[in-house]
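Protein chains in written order, with our numbering: chain A, 239 to 508; chain B, 39 to 194. As structure tokens, the structure follows; a few thoughts come after it.
So this is what it looks like as structure tokens:
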């Protein structure tokens with residue numbers, strides 16, 4: 239556990255390195271996260287404000303044929319990624335704000351490194367960020383204002399560390415939702431609503447993206463000494479680590495249309 | 039009585055939309071060895087069967103997917119060899135001992151719920167040829183593992 243500064247009662251808060259980006263490709267962000275999770279012992283917060291191009295990102299066990307409208311995706315050349323963490327499928331773009339926490343299992347006193355414990359802790363953290371802007375809830379692992387989802391979560395937990403990452407809908411293009419099927423495995427509170435009725439945009443509730451990101455840093459300071467880190471330092475050139483997050487090739491997608499889907503994919507250079 | 043109280047608590051938590059937390063006591067079997075990352079080992083001569091414990095499956099939630107290794111691959115004590123997905127999370131499965139994989143429970147591909155419903159039986163994950171029996175000495179017996187889980191829970 240990296241040492242930080244003493245807090246008001248003398249308890250030392252662990253250090254958390256803060257990396258902020260804007261418009262970084264989501265594949266690059268996910269590769270960075272996997273490496274920081276597996277190859278470092280430090281605590282990290284990564285904030286990426288927007289990404290391009292619009293990209294579909296599935297969880298580790300996602301079946302493309304069940305989650306994605308493959309023909310329009312191929313026609314419009316929408317990238318499809320299978321990420322290293324669990325959870326569902328999202329389509330992300332310039333309107334998405336990504337926030338990721340990567341922590342050692344002892345970084346937060348009393349927090350056991352299991353999914354529901356971590357999810358609950360993040361819900362309490364984000365309550366501080368959002369409480370003055372709307373009726374914030376952690377609803378069946380989603381962040382919602384009232385009953386409308388604006389943040390989707392996923393995690394990956396290793397022997398000694400964990401990552402919790404969120405795609406927040408600052409804004410979104412409704413047309414992009416046509417690339418996604420309504421998943422079979424949906425939260426109960428969704429109640430079979432379509433994307434329009436199920437989701438909401440954060441911009442309807444908060445004055446600016448910077449108010450949001452500054453609120454996160456402020457909330458983190460209750461638990462960590464937050465230290466900004468230069469992007470170039472975080473993106474070290476570690477050729478030995480091979481991330482598992484993969485961009486699916488057009489051949490993979492075409493094979494899925496014509497035959498039974500497997501999880502074997504051809505590696506595509508990003 | 040305790041079971042019906044626990045069920046009421048889960049239903050109340052669900053209604054109030056708060057997380058329902060795991061059971062107070064998980065099943066721990068005698069004659070197995072246990073790792074501090076919540077995997078169990080059943081030694082059978084020079085081979086062993088490996089899975090994750092009832093404590094682990096209870097804390098993970100409903101398992102929806104299991105990432106399985108290949109037969110013939112090597113596993114090293116303390117290193118991950120597969121993963122389970124539950125409740126939005128992938129969680130590494132770590133090898134409690136080193137060895138060569140002899141068998142993989144392929145049924146878990148279609149029935150990942152075996153890990154929850156039968157963690158010590160149908161939910162077995164791999165069978166290995168043990169490469170270093172001395173590694174078993176670093177694992178916990180059932181009494182030590184039970185205390186370990188209680189201490190972990192008390193810290194929370």
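Heads up, the beta-carbon is just placed ideally off N, CA and C, and yes, glycines get one too.
Taking C-beta atoms under 8 Å as the contact rule, residue 411 of chain A and residue 441 of chain A fail to qualify, at a distance of about 13 Å. About 7 Å separates the beta carbons of residue 402 of chain A and residue 391 of chain A, which is inside the 8 Å limit, making them a contact pair. Chain order gives the chain B residues near residue 353 of chain A as 97, 98, 99, 124, 125, 126, 127 and 129, where near means a beta carbon separation below 9 Å. Remark: C-beta atoms of residue 455 of chain A and residue 449 of chain A do not approach each other more closely than 8 Å.
Contact with chain B is found for residue 392 of chain A, since one of that chain's Cβ atoms lies less than 8 Å from the residue's Cβ. Inclusion of residue 419 of chain A and residue 304 of chain A in the CB contact set at 8 Å is warranted, their separation being smaller than that value. Here the alpha carbons of residue 393 of chain A and residue 467 of chain A stand approximately 23 Å from one another. Residue burial annotation: residue 131 of chain B is buried, with at least 16 other C-beta atoms found within 10 angstroms of its C-beta. Boundaries of the beta strand (DSSP E) around residue 130 of chain B: 127-132.
Every alpha helix (DSSP H) stretch that sits fully inside the region 89-139 of chain B and reaches 4 residues is listed by chain position as 92-98. A Cβ of chain A is located within less than 8 Å of the beta carbon of residue 102 of chain B. For residue 154 of chain B, the nearest beta carbon of chain A is not closer than 8 Å to its own beta carbon. Note that the C-beta distance between residue 375 of chain A and residue 382 of chain A is below 8 Å. Remark: fewer than three beta-carbon pairs, one from each stretch, lie closer than 8 Å, so the region 428-435 of chain A and the region 343-362 of chain A are not flagged as touching. Contact annotation: in the region 366-389 of chain A, residues whose CB is within less than 7 Å of a CB in chain B are 375, 377 and 379.
Counting C-beta atoms within 10 angstroms of its own C-beta, residue 96 of chain B has 16 or more neighbours from the protein chains shown and is therefore classed as buried.
Check the Cα spacing between residue 264 of chain A and each of A/312, A/324 and A/329: the tightest is with A/329.
In the structure shown, the three-state DSSP call for residue 362 of chain A is helix. Chain A has a Cβ within less than 8 Å of the Cβ of residue 75 of chain B. Rounded to the nearest whole angstrom, the C-alpha separation of residue 377 of chain A and residue 461 of chain A is 23 Å. Within the same chain, Cβ atoms closer than 7 Å to the Cβ of residue 469 of chain A are found at 257 and 259, the five residues on either side in sequence being excluded.
Beta-bridge analysis with DSSP links residue 341 of chain A to A/400.
In this structure the region 173-180 of chain B lies against the region 68-86 of chain B, because at least three pairs of beta carbons, one per stretch, are closer than 8 Å.
Against chain B, the CB of residue 396 of chain A has a partner CB under 8 Å away; the residue lies at that interface. Counting C-beta pairs closer than 8 Å gives fewer than three between the region 285-300 of chain A and the region 359-369 of chain A, which falls short of the contact rule. If you look at residue 269 of chain A, you'll find it in the alpha helix (DSSP H) that goes 264-277.
Going by beta carbons, residue 86 of chain B and residue 135 of chain B fall inside the 8 Å limit. At a beta-carbon threshold of 9 Å, the residues of chain B lying near residue 350 of chain A are 97, 190, 191, 193 and 194, ordered along the chain. Of the residues B/147, B/67 and B/142, the one whose Cα lies closest to the Cα of residue 109 of chain B is B/142.
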